[in-house]
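Visitor: Residue numbers (the working numbering), protein chains in the order written: chain H, 12 to 347; chain S, 124 to 552.
The beta carbon of each residue, even a glycine, is placed where N, CA and C say it ideally should be.
The structure presented is a predicted model; accordingly, all values stated were derived computationally and were not measured.
Here it is, the structure, as structure tokens.
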Amino acid sequence: MDVLNALVALANFVLIPAVAYGSQLALGALGVTLVYGILRFSNFAHGDTMAWGTMCTILATWGLQAAGITLGPLPTALLALPAGILGAALLVLATDRMVYRFYRAQKAKPVILVIVSMGVMFIYNGLTRFVIGPDDQNFADGERFVINARDFREMTGLAEGLALRSTQVLTVVTAVLVVALLFWFLTHTRTGKSMRAYADNEDLALLSGINPERVVLVTWIIVAALATVAGVLYGLDKSFKPFTYFQLLLPVFAAAIVGGLGSPLGAIAGGFVIAFSEVGLTYAWKKVATYLLPESLAPEGLLQLMGTDYKFAVSFVILVIVLLFRPTGLFRGKSV
Amino acid sequence: MRTLALFALVAALILGTGLLQSWNSALLILNMGLVSAVMALGVNLQWGLAGLFNVGVMGFVALGGLAVVLTSTAPVPEAWAAGGPRLLAALGCGVAVIAGAVLVWRRLPKRLRGWGVAALLVAGFFVYRALFDPAATAVEAVNPAATGYLGGLGLPVLLAWPVGGLLAAAVAWAIGKTALGLRSDYLAIATLGIAEIIIAVLKNEDWLARGVKNVTGLPRPVPYEIDLQQDPGFVARAADLGIDPTTASTLTVKLGYGLLFAAVLVLLLVLAQLALNSPWGRMMRAIRDNETAARAMGKDVTARHLQIFILGSALCGIAGAMMTTLDGQLTPGTYQPLRYTFLIWVMVIVGGSGNNFGAVLGGFLIWFLWVQVEPIGQALMAVLTAGMADGSWLKAHLLDSVQHMRLLTMGVILLLVLRFAPRGLLPER
Numbered sequence: 012m013d014v015l016n017a018l019v020a021l022a023n024f025v026l027i028p029a030v031a032y033g034s035q036l037a038l039g040a041l042g043v044t045l046v047y048g049i050l051r052f053s054n055f056a057h058g059d060t061m062a063w064g065t066m067c068t069i070l071a072t073w074g075l076q077a078a079g080i081t082l083g084p085l086p087t088a089l090l091a092l093p094a095g096i097l098g099a100a101l102l103v104l105a106t107d108r109m110v111y112r113f114y115r116a117q118k119a120k121p122v123i124l125v126i127v128s129m130g131v132m133f134i135y136n137g138l139t140r141f142v143i144g145p146d147d148q149n150f151a152d153g154e155r156f157v158i159n160a161r162d163f164r165e166m167t168g169l170a171e172g173l174a175l176r177s178t179q180v181l182t183v184v185t186a187v188l189v190v191a192l193l194f195w196f197l198t199h200t201r202t203g204k205s206m207r208a209y210a211d212n213e214d215l216a217l218l219s220g221i222n223p224e225r226v227v228l229v230t231w232i233i234v235a236a237l238a239t240v241a242g243v244l245y246g247l248d249k250s251f252k253p254f255t256y257f258q259l260l261l262p263v264f265a266a267a268i269v270g271g272l273g274s275p276l277g278a279i280a281g282g283f284v285i286a287f288s289e290v291g292l293t294y295a296w297k298k299v300a301t302y303l304l305p306e307s308l309a310p311e312g313l314l315q316l317m318g319t320d321y322k323f324a325v326s327f328v329i330l331v332i333v334l335l336f337r338p339t340g341l342f343r344g345k346s347v
Numbered sequence: 124m125r126t127l128a129l130f131a132l133v134a135a136l137i138l139g140t141g142l143l144q145s146w147n148s149a150l151l152i153l154n155m156g157l158v159s160a161v162m163a164l165g166v167n168l169q170w171g172l173a174g175l176f177n178v179g180v181m182g183f184v185a186l187g188g189l190a191v192v193l194t195s196t197a198p199v200p201e202a203w204a205a206g207g208p209r210l211l212a213a214l215g216c217g218v219a220v221i222a223g224a225v226l227v228w229r230r231l232p233k234r235l236r237g238w239g240v241a242a243l244l245v246a247g248f249f250v251y252r253a254l255f256d257p258a259a260t261a262v263e264a265v266n267p268a269a270t271g272y273l274g275g276l277g278l279p280v281l282l283a284w285p286v287g288g289l290l291a292a293a294v295a296w297a298i299g300k301t302a303l304g305l306r307s308d309y310l311a312i313a314t315l316g317i318a319e320i321i322i323a324v325l326k327n328e329d330w331l332a333r334g335v336k337n338v339t340g341l342p343r344p345v346p347y348e349i350d351l352q353q354d355p356g357f358v359a360r361a362a363d364l365g366i367d368p369t370t371a372s373t374l375t376v377k378l379g380y381g382l383l384f385a386a387v388l389v390l391l392l393v394l395a396q397l398a399l400n401s402p403w404g405r406m407m408r409a410i411r412d413n414e415t416a417a418r419a420m421g422k423d424v425t426a427r428h429l430q431i432f433i434l435g436s437a438l439c440g441i442a443g444a445m446m447t448t449l450d451g452q453l454t455p456g457t458y459q460p461l462r463y464t465f466l467i468w469v470m471v472i473v474g475g476s477g478n479n480f481g482a483v484l485g486g487f488l489i490w491f492l493w494v495q496v497e498p499i500g501q502a503l504m505a506v507l508t509a510g511m512a513d514g515s516w517l518k519a520h521l522l523d524s525v526q527h528m529r530l531l532t533m534g535v536i537l538l539l540v541l542r543f544a545p546r547g548l549l550p551e552r
């Protein structure tokens, strides 16, 4: 029984949150990795693209709620998602037209593009705060729990409760769908194949008649969609605050680099590696240990390896370790 | 010529602030401009001279701030008695474990070393926590409302500025050792992470500098306003100049800071210029422009990169210490990457990377804009919304959002400069 209780506690506090967080990071890292693979620079504005897309979704959600349209048990934000994606796509396409295209034509060095993306980051950040303000926004509605802790206890008779929030289930389901769709697109459609060819070898792709501007256009639309979905899922799961999204840049980049920049599979793996280490190292293991160990050995402290405020340190340390020992990431990304 | 004209423009802008708004705010802009210029000089050393992409400026600035607390505040004897030595022993143990791990990695045969290092680190971590936790708790329990930290050394606050540089340099050495071999954008992410970690440490390690409870009332290198106002000689002189004593005292204090900062900036600028034009500076630029060729000429690229990374970070540390001294308090909660990292980058890029005068100019100019965009934006919005009905939702929202114009403006300025004057206002010669 104690083992079961320990397992339930583990699932409740570590596994489920980490899987949800990992899916969000994976979606974010996919966007970073696509930009890196096809446009060949690290996009510092990605966190703020997520914030912008989420903001558009929130505004649409409020509009729908005001009109009395909801999705019943599901969050209304799902219905508003296309609007958010459209908003993000318009913004990044406008940015590409006005900013990035100039440097692409010049064949500027990647590091110049990184600095340019820093400027874009400032602008997105300002725009988002300009429209919605710097404060926390909670836009989750619908059913809160799939299973709540009390029902679970009554159902199973265990001492430990398991709460499964609907946003967590939703996150994982959406992430799986989006990733499946993306991989299908990349491997089975003509545009997807041309994108991969372009990422692989630009000159060869140009010689075989692939239109680079079209590839870039499609890439930006996909990146906007991924960023918006990742941002909305994160916002539903936690809450929306522009500054938090800016800070997400670090774990998202860590995930993309750990997996290997330019490798979509790596981005997903990296997202989960980062999420599980973050949650695992900052969780107080006392509860699980109390169930598993005999009473004489019961721990006194919280058994927390690191304070939750050091979660950045976790993603960072993993990043450094991977880079030192396997510089191209777990899945052999490429390097410029 | 161009340099002179642009610096004259900045001087005119600051004087204009003095004439149109108040001398107080003009001096505030000047002082923070001086501090920003030192930071920009540090980043310019790394980016302009060596092409290192460091986006962890905020971390080094915060370390400078920490140095002020560690150097100048009075020590807390009760806290030292409660757990000081134990705490130092724990920290020493942590350093020893890391050094041991590096040693094990070098000495053990290839098959064993992974496991050896992992075992040592895991064991070391638990030993460290066992030593550290009770000591930190004991220190933090000593009168937490007023102290709850070990305090500093009680030395003169001016000494904290070089100490801030040293502290930042030491941390930069550790970071550079691990991260400098990485590619430029990996280094960027790594430094971004380091900066966040440093801030997290400052916020959470209460025994060090009280964390988010802030250390206030730091000693000052200049007299207090209140003492000046009570000094009859000073009041008489102020009356001679026709200024009321309160204003006169605040101006004097700010001017004092300004002179100190200007002395530091001039000294550092002269040193940076000498470095730039020395054989060493030429070697650095050669490495920046073509690493492979420089390596073929027998230059140790990694060692030179480490050197300049440490030097640039030290400058940021000094600037951070100056800023904390100016504020008179250390508030870890106020360090934000947009303000302390990316804004400094805007300064360097706009001023002209590779040109020390450009960095200094950028520091003043961008700081001036950063401060003044808000009132200008407010005025602009007032004009824009003048036609709207009072109390309308949109009008209130627009007027509220003016404070976010800053970020927008900085982004636009950065992009415009990168597009139309990619080498900055004062290009590298």
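Would you call the CB atoms of residue 38 (chain H) and residue 63 (chain H) closer than 8 Å?
Guide: As a working mapping, residue 38 (chain H) is identified with position 27 in the first sequence. As a working mapping, residue 63 (chain H) is identified with position 52 in the first sequence. No. Outside cutoff.
Visitor: Which of the residues in the region 137-156 of chain H, read from start to end, lie with their CB under 8 Å from any CB of chain S?
Guide: Listed by position, the residues of the region 137-156 of chain H near chain S (Cβ gap below 8 Å) are 137, 138, 140, 141, 142, 144, 145.
Visitor: Indicate whether at least one CB of chain S lies closer than 8 Å to the CB of residue 337 (chain H).
Guide: Against the first sequence, residue 337 (chain H) aligns to sequence position 326. Chain S contact via Cβ: absent.
Visitor: Spatial neighbours of residue 274 (chain S) within its chain, please: CB distance less than 7 Å, with the 5 preceding and 5 following residues excluded, ordered by chain position.
Guide: Along the second sequence, one-based indexing puts residue 274 (chain S) at 151. Closer than 7 Å at Cβ, skipping near neighbours: 196, 197, 198, 199, 202.
Visitor: What is the DSSP secondary structure of residue 495 (chain S), reduced to helix, strand or coil?
Guide: Within the second sequence, residue 495 (chain S) is the residue found at index 372, counting from 1. Residue 495 (chain S) falls in the helix class under three-state DSSP.
Visitor: Would residue 239 (chain H) pass as a contact of residue 27 (chain H) if the rule is Cβ separation under 8 Å?
Guide: Residue 239 (chain H) sits at position 228 when you count from the first residue of the first sequence. Residue 27 (chain H) sits at position 16 when you count from the first residue of the first sequence. Contact flag unset, no.
Visitor: If we ignore side chains and look at the alpha-carbon of each, how far apart do residue 484 (chain S) and residue 161 (chain S) end up?
Guide: Position 361 of the second sequence, counted from the start, is the residue given in the question as residue 484 (chain S). Position 38 of the second sequence, counted from the start, is the residue given in the question as residue 161 (chain S). The alpha-carbon atoms of residue 484 (chain S) and residue 161 (chain S) are separated by roughly 11 Å.
Visitor: Using a Cβ-Cβ distance under 8 Å, would residue 414 (chain S) count as near chain H?
Guide: Here the question's residue 414 (chain S) lines up with position 291 in the second sequence. Residue 414 (chain S) does not count as touching chain H.
Visitor: For the region 273-288 of chain H, enumerate the residues whose C-beta is nearer than 8 Å to any C-beta of chain S, in chain order.
Guide: Correct list: empty, as no residue qualifies.
Visitor: For residue 219 (chain S), I'd like the list of residues in its chain whose CB is within less than 7 Å of its CB, leaving aside the five on either flank, ordered along the chain.
Guide: By one-based count along the second sequence, residue 219 (chain S) stands at place 96. Counting only Cβ-Cβ distances below 7 Å, and skipping sequence neighbours, we find nothing.
Visitor: Rank S:180, S:293, S:216, S:332 by C-alpha distance to the C-alpha of residue 455 (chain S) and give the top, closest one.
Guide: Here residue 455 (chain S) refers to the residue found at position 332 of the second sequence. When only C-alpha atoms are compared, the closest one is S:332.
Visitor: Using a Cβ-Cβ cutoff of 9 Å, what residues of the region 65-82 of chain H are near chain S? List them in chain order.
Guide: Per Cβ criterion, the list is empty.
Visitor: At the 8 Å Cβ level, is residue 491 (chain S) part of the contact set with chain H, yes or no?
Guide: As a working note, residue 491 (chain S) is residue 368 in the second sequence. No - not a single Cβ of chain H is within 8 Å of the one on residue 491 (chain S).
Visitor: Whole alpha helix (DSSP H) runs in the region 388-452 of chain S with 4 or more residues, listed along the chain?
Guide: If we require 4 residues or more, the alpha helix (DSSP H) runs fully inside the region 388-452 of chain S come out as 402-412, 414-419, 424-450.
Visitor: Whole angstroms are fine: how far does the CA of residue 182 (chain H) sit from the CA of residue 96 (chain S)?
Guide: Residue 96 (chain S) lies beyond the range of chain S shown here (124 to 552); nothing can be said about it.
Visitor: Can you give me the start and stop residues for the beta strand (DSSP E) that residue 158 (chain H) sits inside?
Guide: Within the first sequence, residue 158 (chain H) is the residue found at index 147, counting from 1. Here the beta strand (DSSP E) through residue 158 (chain H) covers 156-158.
Visitor: Within this structure, are the beta carbons of residue 141 (chain H) and residue 251 (chain H) separated by less than 8 Å?
Guide: Translated into the one-based positions of the first sequence, residue 141 (chain H) becomes position 130. Translated into the one-based positions of the first sequence, residue 251 (chain H) becomes position 240. No; because the gap between Cβ atoms is not below 8 Å, this pair is not in contact.
Visitor: Looking only at its chain, what residues have a beta carbon closer than 8 Å to the beta carbon of residue 303 (chain S), apart from the 5 residues adjacent to it on each side?
Guide: For the purposes of this step, residue 303 (chain S) is taken as residue 180 along the second sequence, with counting starting at 1. Here the set comprises 175, 310, 425, 428, 429, 432.
Visitor: Which two residues bound the contiguous alpha helix (DSSP H) that contains residue 201 (chain S)?
Guide: Against the second sequence, residue 201 (chain S) aligns to sequence position 78. Run containing residue 201 (chain S): 200-230, per the alpha helix (DSSP H) assignment.
Visitor: Identify the continuous alpha helix (DSSP H) that holds residue 42 (chain H) and give its terminal residues.
Guide: Position 31 of the first sequence, counted from the first residue, corresponds to residue 42 (chain H). Here the alpha helix (DSSP H) through residue 42 (chain H) covers 27-45.
Visitor: Distance, Cα to Cα, residue 156 (chain H) vs residue 449 (chain S)?
Guide: Counted from its first residue, the first sequence places residue 156 (chain H) at position 145. Counted from its first residue, the second sequence places residue 449 (chain S) at position 326. Whole-angstrom Cα-Cα distance: 51 Å.
Visitor: Give the range of the alpha helix (DSSP H) segment to which residue 206 (chain H) is assigned.
Guide: For this step, residue 206 (chain H) is matched to residue 195 along the first sequence. 201-211 is the extent of the alpha helix (DSSP H) around residue 206 (chain H).
Visitor: What is the residue span of the alpha helix (DSSP H) that residue 72 (chain H) lies within?
Guide: As a working mapping, residue 72 (chain H) is identified with position 61 in the first sequence. Its alpha helix (DSSP H) spans residues 57-77.
Visitor: Mind the definition here: the region 230-242 of chain S touches the region 185-195 of chain S only if three or more C-beta pairs lie below 8 Å; say whether that holds.
Guide: Contact fails: fewer than three Cβ-Cβ distances are below 8 Å.
Visitor: Enumerate in chain order the residues of its own chain whose CB-to-CB distance from residue 138 (chain H) is below 6 Å, with the five nearest sequence positions on each side excluded.
Guide: What you label residue 138 (chain H) is simply residue 127 of the first sequence in a count that begins at 1. So no residue of the chain qualifies.
Visitor: Straight-line CA distance for residue 99 (chain H) to residue 246 (chain H)?
Guide: Position 88 of the first sequence, counting from 1, holds the residue named residue 99 (chain H). Position 235 of the first sequence, counting from 1, holds the residue named residue 246 (chain H). Spanning the two alpha carbons is a distance of roughly 16 Å.
Visitor: Just to confirm before moving on: does the CB-CB distance between residue 327 (chain S) and residue 291 (chain H) stay below 8 Å?
Guide: Translated into positions along the second sequence, residue 327 (chain S) becomes position 204. Translated into positions along the first sequence, residue 291 (chain H) becomes position 280. No; because the gap between Cβ atoms is not below 8 Å, this pair is not in contact.
Visitor: Taking Cβ to Cβ, would you say residue 521 (chain S) is nearer than 8 Å to residue 133 (chain H)?
Guide: Within the second sequence, the letter at position 398 stands for residue 521 (chain S). Within the first sequence, the letter at position 122 stands for residue 133 (chain H). Cβ distance not < 8 Å, so residue 521 (chain S) and residue 133 (chain H) don't count as in contact.
Visitor: Taking the alpha-carbon positions, what's the residue 190 (chain H) to residue 203 (chain H) distance?
Guide: The count along the first sequence starts at 1 and reaches residue 190 (chain H) at position 179. The count along the first sequence starts at 1 and reaches residue 203 (chain H) at position 192. Between residue 190 (chain H) and residue 203 (chain H), the C-alpha separation is close to 14 Å.
Visitor: Answer with yes or no whether the minimum CB distance from residue 342 (chain H) to chain S is below 8 Å.
Guide: For the purposes of this step, residue 342 (chain H) is taken as the residue at position 331 of the first sequence. Answer no: the Cβ-Cβ gap between residue 342 (chain H) and chain S never drops below 8 Å.
Visitor: Taking Cβ-Cβ distances below 9 Å as the criterion, which residues of the region 276-308 of chain S are in contact with chain H?
Guide: Those would be 301, 302, 304, 305, 306, 307, 308, in chain order.
Visitor: Can you tell which of H:194, H:167, H:314, H:109 has its C-alpha closest to the C-alpha of residue 253 (chain S)?
Guide: Taking the second sequence and counting its residues from 1, the one referred to as residue 253 (chain S) is at position 130. The candidate whose alpha carbon is nearest that of residue 253 (chain S) is H:314.
Visitor: Measuring straight from C-alpha to C-alpha, what distance separates residue 157 (chain S) and residue 385 (chain S)?
Guide: Working through the second sequence from its first residue, we reach residue 157 (chain S) at position 34. Working through the second sequence from its first residue, we reach residue 385 (chain S) at position 262. Their Cα atoms are separated by approximately 7 Å.
Visitor: Taking any Cβ of chain S, which residues in the region 317-333 of chain H have a Cβ under 8 Å from it, in chain order?
Guide: Correct list: 318, 320, 321, 323, 324, 326, 327, 330, 331.
Visitor: Mind checking who residue 274 (chain S) pairs with in its DSSP beta bridge?
Guide: As a first step, residue 274 (chain S) must be located in the second sequence, where it is residue number 151. For residue 274 (chain S), which the question treats as bridged, DSSP gives the partners S:198.
Visitor: Report the neighbours of residue 472 (chain S) on chain H: residues whose CB is nearer than 7 Å to its CB, in chain order.
Guide: Mapped onto the second sequence, residue 472 (chain S) falls at position 349. Result: 126.
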